[in-house]
Amino acid sequence: MFQTPQTRAAIADAAWAVALRLGTFGYAEISAELHVSLLRASAIVRAWEQDGACINVQRGVGRRNLYRVVAEFQRTREAGTGGSVPLNLWTAMRGLRSFTPTDLAAHSSTASVPVKLEAAQGYCQALLKAGYIKVERTAVPGRREAIYRLIRNTGPRPPRERRVRAVWDDNIGELVLLTGGVP
Amino acid sequence: MTDEPRLYNSVAPLRNVAALLTLIDRVQTRAHGLPGMATFYGPSGYGKTTAAVYATNRFRACHIQIQALWRAKTLLQEIVIELGMRPGRSTAPDLFNQAAEQLARSGRPLLLDEADHLVSDKMIEVVRGLYEASGVPVILIGEELLPQKLQRWERVHGRMLDWVAAEPASLGDVGHMVPIYAPGIEIAPDLRDLVLKASRRSIRRVAINLALINEHARVRGLRAMSAADWKGSFFTGEAPAARRDEMAEDYRRKADAKRRVA
Numbered sequence: 235m236f237q238t239p240q241t242r243a244a245i246a247d248a249a250w251a252v253a254l255r256l257g258t259f260g261y262a263e264i265s266a267e268l269h270v271s272l273l274r275a276s277a278i279v280r281a282w283e284q285d286g287a288c289i290n291v292q293r294g295v296g297r298r299n300l301y302r303v304v305a306e307f308q309r310t311r312e313a314g315t316g317g318s319v320p321l322n323l324w325t326a327m328r329g330l331r332s333f334t335p336t337d338l339a340a341h342s343s344t345a346s347v348p349v350k351l352e353a354a355q356g357y358c359q360a361l362l363k364a365g366y367i368k369v370e371r372t373a374v375p376g377r378r379e380a381i382y383r384l385i386r387n388t389g390p391r392p393p394r395e396r397r398v399r400a401v402w403d404d405n406i407g408e409l410v411l412l413t414g415g416v417p
Numbered sequence: 003m004t005d006e007p008r009l010y011n012s013v014a015p016l017r018n019v020a021a022l023l024t025l026i027d028r029v030q031t032r033a034h035g036l037p038g039m040a041t042f043y044g045p046s047g048y049g050k051t052t053a054a055v056y057a058t059n060r061f062r063a064c065h066i067q068i069q070a071l072w073r074a075k076t077l078l079q080e081i082v083i084e085l086g087m088r089p090g091r092s093t094a095p096d097l098f099n100q101a102a103e104q105l106a107r108s109g110r111p112l113l114l115d116e117a118d119h120l121v122s123d124k125m126i127e128v129v130r131g132l133y134e135a136s137g138v139p140v141i142l143i144g145e146e147l148l149p150q151k152l153q154r155w156e157r158v159h160g161r162m163l164d165w166v167a168a169e170p171a172s173l174g175d176v177g178h179m180v181p182i183y184a185p186g187i188e189i190a191p192d193l194r195d196l197v198l199k200a201s202r203r204s205i206r207r208v209a210i211n212l213a214l215i216n217e218h219a220r221v222r223g224l225r226a227m228s229a230a231d232w233k234g235s236f237f238t239g240e241a242p243a244a245r246r247d248e249m250a251e252d253y254r255r256k257a258d259a260k261r262r263v264a
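If you read the sequences in order, they're chains G and C. For the first sequence, position 63 (counting from the first letter as 1) is numbered 297 according to the working numbering, and the numbering increases by one without interruption. For the second sequence, position 69 (counting from the first letter as 1) is numbered 71 according to the working numbering, and the numbering increases by one without interruption.
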C-alpha cells in the first residue's frame with residue numbers, strides 16, 4: 235500500500251502511543267495493534283532504538299526481540315502530541331472562554347511548543363478584527379491588559395491569519411481571491 | 003511531573019495542573035490489564051478546568067465541557083466534532099462507532115469536564131463504552147461529590163485507576179504565578195500571604211489579585227511591593243455586605259410612615 239509521509243508519521247505516532255502504554259514490547263505487538271506488517275513495525279522500532287527512544291532488553295537465538303521505552307526520552311514523546319502555536323492558543327481560548335493574553339500564553343506554552351506573550355497578543359488582535367472574540371474590559375496601555383471573550387467557537391481547528399492576494403471589484407463590491415486560472 | 007523540563011511563564015508547575023498531568027501520564031502508561039479511567043475532583047475555583055485546558059494542550063487531549071441539558075447523543079456529537087470530524091445526520095450508534103474508532107486510532111485521552119452532568123444511565127454507559135472500545139485514558143473531572151455520585155454505577159466505579167482530589171491554592175502556587183501576572187515586580191512574602199488569604203484558595207482569584215497588584219505597582223512606578231505598600235482592596239469573590247446607610251434610611255422611612263399613621 236502506498237503511504238504518504240503524513241500517514242507514515244501518523245502510524246509512527248500511533249505506534250509510539252502503543253509502546254508507551256505497553257512499556258515493554260516486541261514487533262508483534264506494534265504490528266497487531268496498528269494492522270501494519272511485521273516488517274514495517276520492526277523498521278519503526280529500530281528507528282526508535284537508533285534515536286535512543288527505546289532499548290533492547292531481550293535478543294538472541296530462539297528468542298524474540300523485546301524493547302523497553304526509555305522514560306527520560308522527550309522528543310518523540312512530545313512530537314507524538316502534535317500541537318502548534320495557533321492550535322494551542324485556540325484550544326486555550328475555547329477552554330477558558332474569557333481570558334487575557336497572559337492567561338492564554340500561560341495555558342498554551344508546553345515543552346514542545348513554547349508560546350510567547352507576544353504571539354498570544356498577536357493572535358488575539360487578529361481574531362478580534364475577524365470577529366471571533368470581543369473585548370470584555372478594555373486595556374490601559376502600560377497598566378493592565380484587555381480581557382477578551384470568545385464569541386465564535388467554530389470548532390477544534392484554529393482559525394489563522396492569512397495574507398492573500400485578491401482583486402477588488404468595485405462593480406460588485408467584493409474581494410475576489412486569486413486562485414490562479416479559470417475554473 | 004518528574005520528566006517535565008522546568009517551564010517558565012506557564013501554569014504547568016501549579017499544584018493542581020501538575021496533579022492532573024501526572025494522573026493522565028499514569029493512566030496513559032499504565033501496565034497492561036489495569037483500568038484506564040480516572041477521576042479528578044474538587045470544589046469549584048480550585049483550577050480544575052484551567053488544569054484541563056493545559057493538559058489538553060500538553061497531551062493533545064479531547065476536552066469536552068459537558069452542559070446540563072446534554073443527552074447521550076449530544077455528548078457523542080460533541081466528541082466527534084472535537085476529534086475533527088463532521089457528525090452529519092448520523093444515528094447515535096453510528097456516532098459512537100465513529101468516536102470510538104477515531105479515539106482508538108489517535109490515542110488521544112478523553113477529558114470530560116463537568117462530569118457531574120453525566121447523571122443518566124445512558125450517558126455514563128456511553129462513556130464506559132467509549133473507554134472499552136478505544137482503550138484511551140478517560141478522565142472525569144467534576145465537583146467534590148463526583149466520586150460519591152459515581153458509586154451508583156458499579157461498572158464505572160470498578161474501572162477507575164485512581165481518584166485524585168484538587169487541592170486549594172498554596173503559597174507555592176502564588177510564587178509560580180507572580181512572574182506570569184506581575185512580571186518584573188518583587189512581591190514580598192507578607193503580601194503574598196495576604197493575596198492567598200484574600201483569594202480564599204481559588205487560583206482564579208489569585209491571578210486577578212496579582213494583576214491588581216501589578217497595575218497598582220505600575221501606576222506608582224514601584225519595582226517591589228510589600229503589604230505596607232498595598233492600600234487597595236483585593237477581589238475576594240464574597241457577596242457584598244448590606245450597606246448600613248441604606249438600611250438606616252429604610253428604617254427611618256418606615257418609622258416615619260408609622261408615626262404619620264399614628
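The beta-carbon is built from N, C-alpha and C at its ideal position, and this holds for glycine as well.
Item	Value
is_contact[VAL13(C), chain G] using C-beta, thresh 8 Å	yes
Straight-line Cα distance separating PRO95(C) from ALA209(C)	43 Å
8 Å Cβ cutoff, ALA251(G) in contact with chain C	yes
Cβ neighbours of ARG311(G) in the same chain (closer than 6 Å, five flanking residues each side left out)	Low local confidence applies: a pLDDT of 43 at ARG311(G) is under 50, so the model's placement there is unreliable, with the coordinate-based value given in what follows. Same-chain partners within the cutoff: there are none.
Rounded separation between LEU25(C) and ALA14(C) - CA only	13 Å
Continuous beta strand (DSSP E) stretch holding GLY384(G): start and end	Looking at the sequence itself, residue 384(G) is Leu, so the reference to Gly does not match. Counting along the chain, the beta strand (DSSP E) containing LEU384(G) begins and ends at 381-384.
Neighbour flag for ARG60(C) against chain G, beta carbons, 8 Å	yes
Closer than 8 Å to chain G by CB, VAL176(C)	no
Top-ranked residue by Cα proximity to ASN11(C), from ILE81(C), GLY177(C), PRO89(C) and GLY131(C)	GLY177(C)
Where TRP324(G) falls: helix, strand or coil (DSSP)	helix
Buried or exposed (CB count within 10 angstroms, at least 16 for buried), GLU370(G)	exposed
GLY314(G) classed as buried or exposed, judged by whether at least 16 other C-beta atoms fall within 10 angstroms	With a pLDDT of only 44 at GLY314(G), under 50, the local geometry of the prediction cannot be trusted, and no value is derived from it.
Three-state secondary structure (DSSP) of ASN387(G)	coil
Presumed contact (8 Å Cβ cut-off) between ALA269(C) and ASP115(C), rounded CB distance	With chain C represented from 3 up to 264, any question about residue 269(C) goes unanswered, as that position is not in the structure.
Residue from GLN79(C), MET39(C) and THR31(C) with nearest C-alpha to LEU152(C)	MET39(C)
First through last residue of the beta strand (DSSP E) which encompasses MET39(C)	39-43
Proximity to GLY49(C) [Cα-Cα], best of ARG222(C), PHE237(C) and ALA167(C)	ALA167(C)
In DSSP terms, what GLN67(C) is bridged to	ASP115(C)
Buried/exposed call for GLY317(G), threshold 16 Cβ in 10 Å	buried
Cutoff 6 Å; reference ALA135(C); Cβ partners in own chain excluding five residues on either side	ALA102
Same chain only: Cβ atoms within 6 Å of LEU113(C), ignoring 5 sequence neighbours per side	ALA54, ALA63, HIS65 and ILE141
Under the three-state DSSP convention, the category GLY314(G) falls into	Bear in mind that a pLDDT of 44 at GLY314(G), under 50, signals an unreliable position, so the number given afterwards is only what the model happens to contain. In the structure shown, GLY314(G) sits in coil (DSSP, three-state: anything other than H, G, I, E or B).
GLN79(C) burial status per 10 Å Cβ neighbour count (16 or more: buried)	buried
Residue from ILE367(G), SER346(G), GLN355(G) and LYS363(G) whose Cα sits closest to the Cα of ASN59(C)	SER346(G)
Residue burial classification, GLU240(C) (beta-carbon count within 10 angstroms, cutoff 16)	exposed
For TRP72(C): DSSP bridge partner residues	According to DSSP, TRP72(C) bridges with nothing at all.
Cα-Cα separation between LEU411(G) and ARG397(G), rounded to whole angstroms	11 Å
C-beta neighbour in chain G for ARG107(C), strict 8 Å	yes
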